[in-house]
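Note sheet for the following structure.
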Amino acid sequence: MSEASHHRIRDRIAHLAPKLEIVTVPELNRFVRNGVDLVAGDIAPEIVWNTQEAYMSGLLPTLMRALLDSPNVRWLQTFNAGLDLPIFRRIMEKGVRITKSSAQGVVIAEYVLAHALSLIVPIDAQKALQARREWGRTPYREVSQTRWLLVGYGAIGEQIAQRARAFGVDLTVVRRGSDAGLAHRTLPLSRIAEALPDTDVVVLACALTDETRDMCNDAFFAALKPGAILINIGRGGLVDEDALRRGLDAGRAAHAVLDVFQTEPLPEDHWIWSHAQIRVSAHTSNSGDGVQPRADIQFIENLERYLAGEPLMNEAERSEVGLA
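Add 60 to a position in the sequence shown, counting from 1, and you land on the number used in this note's numbering.
Structure representation (structure tokens):
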């Protein structure tokens, strides 16, 4: 784990100290245990905790190298909610258990609702009237009268569903398997076209797989209700960006809120930056101030479960990384 992460939780795991030898990573390619520097070759961790702050501070290569080189690793707790990156397949092929983070679900759900509400309620039109000192009405469809299509119902999708249902929306969820508890109806991805003509807000919160890649293509936008809102907080690869441009320009979608893109960072000369119907954020929908505290709690609870031989929370299935 990073040194900063250990500093935050060390008092809360003190009762586990007799069972643990904790190695921290204070900087790139440096390992420390009990204040003593260690040689990388002497590191053979059983547990690796990969936090968002470790990623942001450039420590991820050091943590992942220690994980991949160690024959002893049994469990990785990662800040990621989705495991589409190839490294997670390599890790699971080693027999390592992976638990994902659900800590970002709350703030991403708030991001989705904030953008959707601000586009449904005519805030920009009201602002324009104010600028012109014009006393005018701005009628609009009430949020509770809108129909939403949520693609994906993992930890993040469920948080989105809770908040959308609180506003009284009609909710259809696209997912594999059983019905989503908060949805009015549940469909498999193969039947998504059935819902598109009646949908006012589409939220993409699913994993990127061979099945979902470029799912928002020309056929998707042709079937979509004119004037709908598309919000993508899943993966950039879910949206064919050229098809998106054609769909927006043809009025098949009124707005797109994009937090993720085919290429990240989004190139400075990319057309998406300047398109009037698109809102851009830099893969930052998960940047709420409550994410790290929730992630700390999740790791501590899973650590206690792991040491007690109990089931881990939010453990990934092999199918999530493309393994049978």
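The C-beta atom is built at its ideal place from N, Cα and C for all residues, glycine as well.
Residue i, DSSP secondary structure in three states
{"i": "valine 92", "result": "strand"}
{"i": "isoleucine 103", "result": "coil"}
{"i": "alanine 310", "result": "coil"}
{"i": "glutamine 66", "result": "As written in the sequence, residue 66 is histidine, which differs from the glutamine given in the question. The answer is helix: DSSP assigns histidine 66 an H, G or I state."}
{"i": "tryptophan 331", "result": "helix"}
{"i": "histidine 315", "result": "strand"}
{"i": "aspartate 264", "result": "The sequence given here places leucine at residue 264; aspartate does not occur at that position. Of the three classes helix, strand and coil, the one that applies to leucine 264 here is strand, per DSSP."}
{"i": "arginine 197", "result": "coil"}
{"i": "aspartate 300", "result": "coil"}
{"i": "glutamine 186", "result": "helix"}
{"i": "threonine 122", "result": "helix"}
{"i": "proline 325", "result": "coil"}
{"i": "proline 286", "result": "coil"}
{"i": "leucine 98", "result": "strand"}
{"i": "glutamate 87", "result": "strand"}
{"i": "glutamate 202", "result": "coil"}
{"i": "valine 320", "result": "coil"}
{"i": "glutamate 375", "result": "strand"}
Contact with chain B by residue i, beta-carbon distance below 7 Å
{"i": "leucine 326", "result": "This model lacks chain B altogether; it includes just one protein chain."}
Residue closest to residue i, alpha-carbon to alpha-carbon, out of the options
{"i": "arginine 201", "options": "Pro182, Ala188, Leu209 and Gly294", "result": "Pro182"}
{"i": "leucine 249", "options": "Glu271, Ala221 and Asp258", "result": "Glu271"}
{"i": "aspartate 274", "options": "Ala114, Gly382 and Ala303", "result": "Ala303"}
{"i": "valine 99", "options": "Arg90, Thr159, Phe359 and Glu106", "result": "Arg90"}
{"i": "valine 351", "options": "Leu128, Gln164, Asp129 and Glu153", "result": "Gln164"}
{"i": "histidine 66", "options": "Arg192, Arg354, Trp109 and Phe148", "result": "Trp109"}
{"i": "asparagine 140", "options": "Ala355, His315 and Gly118", "result": "Ala355"}
{"i": "valine 203", "options": "Gly237, Thr122, Arg225 and Gly214", "result": "Arg225"}
{"i": "threonine 323", "options": "His343, Val317, Gln358 and His315", "result": "His343"}
{"i": "valine 211", "options": "Tyr366, Ser62 and Ala253", "result": "Ala253"}
{"i": "asparagine 132", "options": "Met116, Thr111, Asp102 and Ser117", "result": "Asp102"}
{"i": "asparagine 292", "options": "Arg207, Ser341 and His335", "result": "Ser341"}
{"i": "valine 92", "options": "Lys79, Asp71, Leu76 and Ala64", "result": "Ala64"}
{"i": "arginine 134", "options": "Pro86, Ala384, Leu372 and Leu383", "result": "Leu372"}
{"i": "asparagine 396", "options": "Arg197, Val83 and Glu87", "result": "One cannot answer for residue 396 here, as it falls past the ends of the chain, which runs 61 to 384."}
{"i": "valine 263", "options": "Ala185, Pro325, Glu170 and Gly196", "result": "Glu170"}
{"i": "threonine 206", "options": "Ala267, Glu153, Gly287 and Arg236", "result": "Gly287"}
{"i": "glycine 118", "options": "Leu80, Glu370 and Val85", "result": "Val85"}
{"i": "glycine 237", "options": "Phe227, Tyr213, His244 and Lys160", "result": "Tyr213"}
{"i": "serine 161", "options": "Thr138, Leu367 and Glu81", "result": "Thr138"}
{"i": "lysine 79", "options": "Val96, Arg306 and Ile107", "result": "Ile107"}
{"i": "alanine 384", "options": "His244, Met152 and Ile168", "result": "Met152"}
{"i": "arginine 251", "options": "Leu88, Phe280 and Ala267", "result": "Phe280"}
Sub-7 Å separation of residue i and residue j beta-carbons
{"i": "alanine 126", "j": "leucine 120", "result": "no"}
{"i": "alanine 255", "j": "threonine 269", "result": "no"}
{"i": "leucine 143", "j": "glutamate 380", "result": "yes"}
{"i": "alanine 176", "j": "valine 261", "result": "yes"}
{"i": "serine 345", "j": "aspartate 319", "result": "yes"}
{"i": "glycine 297", "j": "alanine 265", "result": "no"}
{"i": "serine 130", "j": "proline 146", "result": "no"}
{"i": "isoleucine 69", "j": "alanine 376", "result": "no"}
{"i": "leucine 179", "j": "isoleucine 289", "result": "yes"}
{"i": "aspartate 258", "j": "asparagine 277", "result": "no"}
{"i": "alanine 221", "j": "leucine 242", "result": "yes"}
{"i": "arginine 223", "j": "leucine 284", "result": "no"}
{"i": "isoleucine 338", "j": "alanine 310", "result": "no"}
{"i": "tryptophan 208", "j": "valine 229", "result": "yes"}
{"i": "aspartate 136", "j": "valine 156", "result": "One detail in the question is off: residue 136 reads as leucine in this sequence, not aspartate. The answer is yes: Cβ separation under 7 Å."}
{"i": "arginine 150", "j": "glycine 382", "result": "no"}
{"i": "glutamine 112", "j": "valine 166", "result": "no"}
Burial state of residue i (16 or more Cβ within 10 Å)
{"i": "glutamine 190", "result": "exposed"}
{"i": "arginine 295", "result": "buried"}
{"i": "lysine 187", "result": "exposed"}
{"i": "alanine 74", "result": "exposed"}
{"i": "glutamate 361", "result": "exposed"}
{"i": "methionine 61", "result": "buried"}
{"i": "threonine 246", "result": "buried"}
{"i": "serine 47", "result": "Residue 47 is absent from the model: the chain starts at 61 and stops at 384."}
{"i": "leucine 308", "result": "buried"}
{"i": "valine 96", "result": "exposed"}
{"i": "alanine 336", "result": "exposed"}
{"i": "alanine 240", "result": "buried"}
{"i": "isoleucine 357", "result": "exposed"}
**Request:** Just list the beta strand (DSSP E) runs in the stretch 208 to 262, keeping only unbroken ones of 3 residues or longer that don't cross its boundaries, in chain order.
**Result:** 230 to 234 and 245 to 247
**Asked** Going along the chain, which unbroken runs of the beta strand (DSSP E) with 3 or more residues stay wholly within the stretch 328 to 372?
**Response** 338 to 340
**Request:** Please list the segments of the alpha helix (DSSP H) lying wholly inside the stretch 117 to 184, counting only runs of 4 or more residues, in order along the chain.
**Result:** 120 to 129, 146 to 153 and 165 to 180
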